[in-house]
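In case it helps, the working numbering puts the sequence shown at residues 18 to 215. Quick reminder that beta carbons are idealized off the backbone N, C-alpha and C, glycines included.
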Amino acid sequence: MIRSDEEKRTIIVHEILIPSLKRLYAVDYDNIRFGVSERNICARLAYHMENLMRRYDEVSGDGLFHDYFADVEYNRMGNGDLKHYENSAHRPVYMVSDLLIQTRGYGRNYLAVEMKRKGNRRNVDEDKERLMSLVSSPPNYEQAHKCVYDTLVGAFIEYSKKGVCVELFENVEGRGVNTENIVLTYRQDDAGQGSLTL
Numbered sequence: 018m019i020r021s022d023e024e025k026r027t028i029i030v031h032e033i034l035i036p037s038l039k040r041l042y043a044v045d046y047d048n049i050r051f052g053v054s055e056r057n058i059c060a061r062l063a064y065h066m067e068n069l070m071r072r073y074d075e076v077s078g079d080g081l082f083h084d085y086f087a088d089v090e091y092n093r094m095g096n097g098d099l100k101h102y103e104n105s106a107h108r109p110v111y112m113v114s115d116l117l118i119q120t121r122g123y124g125r126n127y128l129a130v131e132m133k134r135k136g137n138r139r140n141v142d143e144d145k146e147r148l149m150s151l152v153s154s155p156p157n158y159e160q161a162h163k164c165v166y167d168t169l170v171g172a173f174i175e176y177s178k179k180g181v182c183v184e185l186f187e188n189v190e191g192r193g194v195n196t197e198n199i200v201l202t203y204r205q206d207d208a209g210q211g212s213l214t215l
């Protein structure tokens, strides 16, 4: 089945990203509560994402994620070259994304994620600049082969014990822009079971 970008975007955000964040808080809340490293939180999110991707393909039967993986700290192109993004000065800059839903080749990335614990302001502007670049269109043919472009969705995720704020970035007329903000709040019920809710 061939899906439009809008259909893929809806699946990525509402069938993979948000449910993965909910699973992260349901299964790994103690890691968040005790301040375990951002890399661990990111890796656990990737684990939940990849499980949901495989489940989605199994149930839907359309193979949307057949050749895709949820990779943490990935920095290579299909032939082993280092990945780059285009910075605000229009120069290629070496990059390592916190998390990618990608083909591990030259296929289009579905999702690029940068994660920060609430209060960690280190490199936030650079992370958002990178997400905007990753979702944008290449300015010219030559640049298209030097940097990663046309990622379907970028997500800047700020997490805390109280919940998650997600800033989504998408391509609007060739440029990466913030298109939506999603806030999920963590709550515990009377039995002590916690969950994220919109």
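{"Item": "Those residues which DSSP pairs with Ser177 across a bridge", "Value": "Gly180"}
{"Item": "Cut-off 7 Å between Cβ atoms - residues of its own chain near Asn57, not counting five sequence neighbours on either side", "Value": "Asn48"}
{"Item": "Residues bridged to Val170 [DSSP beta-bridge criterion]", "Value": "Leu128"}
{"Item": "Short Cβ contact (9 Å threshold) for Ser153 with Glu103", "Value": "yes"}
{"Item": "Nonlocal neighbours in the same chain, by C-beta distance under 8 Å from Glu55, ignoring five residues either side", "Value": "Asp115, Met132, Lys133, Arg134 and Asn137"}
{"Item": "6 Å CB neighbourhood of Gly171 in its chain, flanking five on each side removed", "Value": "Ala129, Leu148, Leu151, Val152 and Phe186"}
{"Item": "Tyr42 versus Phe82, Glu24, Tyr203 and Asn188, residue with shortest Cα-Cα distance", "Value": "Tyr203"}
{"Item": "Residue-level contact to chain B via CB, Gln210, 9 Å cutoff", "Value": "Absent from the structure: chain B. Only one protein chain is present."}
{"Item": "Proximity of Met70 and Ile118 at Cβ, strictly below 9 Å", "Value": "yes"}
{"Item": "Beta-bridge partners of Thr214, as assigned by DSSP", "Value": "Thr202"}
{"Item": "Residue of Asn188, Tyr127, Tyr91 and Tyr123 minimising C-alpha distance to Tyr111", "Value": "Tyr91"}
{"Item": "Spatially closest choice to Asp45 from Cys182, Tyr176, Asp98 and Thr27, by CA coordinates", "Value": "Tyr176"}
{"Item": "7 Å Cβ shell around Leu99 - same chain, five flanking residues per side excluded", "Value": "Asn92, Arg93 and Tyr111"}
{"Item": "Residues bridged to Lys133 [DSSP beta-bridge criterion]", "Value": "Glu175"}
{"Item": "Test item: CB-CB of Leu38 and Val141 under 9 Å", "Value": "no"}
{"Item": "Buried versus exposed call for His126 [16 or more other C-beta atoms within 10 Å across all chains shown]", "Value": "It is worth fixing the name first, because residue 126 is Asn in this sequence and not His. That one is buried."}
{"Item": "Same chain only: Cβ atoms within 6 Å of Thr168, ignoring 5 sequence neighbours per side", "Value": "Asn126, Ala129, Leu151 and Val152"}
{"Item": "Three-state class that DSSP yields for Thr120 in the structure shown", "Value": "coil"}
{"Item": "His83, enclosing beta strand (DSSP E) - first and last residue", "Value": "Neither: His83 is in no beta strand (DSSP E) and is coded neither H nor E."}
{"Item": "Residue span of the alpha helix (DSSP H) that contains Pro36, given as start and end", "Value": "Ile35 to Val44"}
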